[in-house]
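So the structure is just underneath, and the comments pick up after that.
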Amino acid sequence: MPRTSIAAEVNSGRVLISDGAWGTFLQKKGWAPGECPDYWSLTRPDDVFAIAEDYITAGSDMIETNSFGASPLKLRHFNLAEKCTQINEAAAKISRRAAGDKKWVLGSIGPSGKMLLLGDVSSKEMAEGFKIQAQALARGGADAICIETMSAIDEAVLAIQAAKENTGCEVICTFTYQQAAHGTFRTMMGHSTAKTTAAALDAGADIIGTNCGYGMAQLIKITREIRQIDAAVPLLVHANAGLPHLRDGVEVFPETAEDMADQVGELLQAGANIIGGCCGTTPEHIRAIKNASLKQAW
Ligand SMILES: [Zn+2]
Numbered sequence: 002m003p004r005t006s007i008a009a010e011v012n013s014g015r016v017l018i019s020d021g022a023w024g025t026f027l028q029k030k031g032w033a034p035g036e037c038p039d040y041w042s043l044t045r046p047d048d049v050f051a052i053a054e055d056y057i058t059a060g061s062d063m064i065e066t067n068s069f070g071a072s073p074l075k076l077r078h079f080n081l082a083e084k085c086t087q088i089n090e091a092a093a094k095i096s097r098r099a100a101g102d103k104k105w106v107l108g109s110i111g112p113s114g115k116m117l118l119l120g121d122v123s124s125k126e127m128a129e130g131f132k133i134q135a136q137a138l139a140r141g142g143a144d145a146i147c148i149e150t151m152s153a154i155d156e157a158v159l160a161i162q163a164a165k166e167n168t169g170c171e172v173i174c175t176f177t178y179q180q181a182a183h184g185t186f187r188t189m190m191g192h193s194t195a196k197t198t199a200a201a202l203d204a205g206a207d208i209i210g211t212n213c214g215y216g217m218a219q220l221i222k223i224t225r226e227i228r229q230i231d232a233a234v235p236l237l238v239h240a241n242a243g244l245p246h247l248r249d250g251v252e253v254f255p256e257t258a259e260d261m262a263d264q265v266g267e268l269l270q271a272g273a274n275i276i277g278g279c280c281g282t283t284p285e286h287i288r289a290i291k292n293a294s295l296k297q298a299w
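Numbering (the numbering used here), first residue to last: 2 to 299.
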């Protein structure tokens, strides 16, 4: 059976499970700071495949690609900008191989690390980078482009438009928020959920949502805020396993698989349709989240 679109599946009433962290997992497999994690799709494809496969085995309905930092602007730090197409295409092919033809592949696009506001880069150059990345992900087999951890609206809009105009993929866009005054939420650039939601939908995003942040409880509140603005749009939530702290020099995430699973009912009630995890989450978290979502279906 061919895959339907993710949005159509959500609109038919199904709760979908996404994957968990990639960065945390790469670290466990020996990735060291200073190394380009995205380059692993070319240099250590078996390790990247093993991550994707673990999430699929844990019950993910969709799997991201190891390409969060693979925009030309970010790859430039590692003198790998000219390999952008190759890296993204390889990342999508690896996740497609793990996903088979029944599960979806989400081509991950993270922030470029440059700010239009500061004149770090022209909007033309930034848009061109997102275009190259999105096209390569699509060519490698991505069903959707997942633009994530966004904080600047202007950058997110360029990424959404680049993906919409240059690929046939569905487009997901999620922002990361912090708690601001009066209990509301703002991105690092100061944008409210009302502003980000309107901008992402105007630019053509098919699915919106939130990722990263302080953990499930915070993302439940953000989900409620977004749902007050738009009651119907498919909504994806990737929460961190809480806020990390250092224990004996090692980063530890406080929320266990059970802690996160216990909050799945509340997250669904708040209006989430697609649930996965961000930093610190593992296949164990995804397995527990999936089981909790199945119980909720009753
Ligand atoms: Zn995160």
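Glycine included, C-beta positions come from ideal geometry on N, C-alpha and C.
With a threshold of 7 Å, the Cβ atom of C174 does not count as near ligand 1, since no heavy atom of the ligand is closer than that.
Remark: three or more beta-carbon pairs, one from each stretch, lie closer than 8 Å, so the region 221-229 and the region 272-283 are flagged as touching. By the neighbour-count definition (other C-beta atoms within 10 Å, threshold 16), L118 is an exposed residue. With the rule of 3 Cβ pairs closer than 8 Å, the region 121-141 does not count as touching the region 185-196. In this structure, Y40 sits near F79, with a CB-CB distance shorter than 8 Å. Contact between A139 and T168 holds, with the beta-carbon distance rounding to 4 Å and staying under 8 Å. Burial state of K104 is buried, judged by a 10 Å Cβ sphere holding 16 or more other Cβ atoms. Within the chosen limit of 7 Å, ligand 1 does not reach the beta carbon of N167 with any heavy atom. In the structure shown, A273 adopts coil according to DSSP, grouped into three states.
Taking a 10 Å sphere around the C-beta of H192, we find 16 or more other C-beta atoms and assign the residue as buried. In the structure shown, W41 adopts helical secondary structure according to DSSP, grouped into three states. Distance from the Cα of I146 is smallest, within the candidate group L81, E156, K165, for K165. A residue is called buried when at least 16 other Cβ atoms come within 10 angstroms of its Cβ; E259 does not meet this threshold and is exposed. Only exposed fits E83, as fewer than 16 other CB atoms lie within 10 angstroms of its CB. With the criterion CB distance below 6 Å from any heavy atom of ligand 1, the matching residues run C213, N241, C279, C280 along the chain.
Within the region 238-275, the runs of alpha helix (DSSP H) that reach at least 4 residues and sit entirely inside it are, in chain order, 258-263, 265-271.
Minimum Cα-Cα distance from D203 among the listed residues Q179, I173, C279 corresponds to I173. Taken atom to atom, the span from the alpha-carbon of G278 to that of T185 is near 22 Å. The beta-carbon distance between G141 and K94, rounded to whole angstroms, is 5 Å. This is short enough to meet the 8 Å contact definition. Taken through DSSP and simplified to helix, strand or coil, G60 comes out as coil. Inclusion of A163 and A128 in the CB contact set at 8 Å is warranted, their separation being smaller than that value.
DSSP places L236 within a strand segment (E or B) once states are collapsed to three. With fewer than 16 neighbouring CB atoms inside 10 Å of its own CB, K296 falls in the exposed class.
Look at E36 here: in three-state DSSP terms it is coil, with no helix or strand label.
Along the length of the region 138-192, whole beta strand (DSSP E) runs at least 3 residues long occupy 145-151, 171-176, reported in chain order. Pairing A99 with V49, the inter-Cα distance amounts to about 10 Å.
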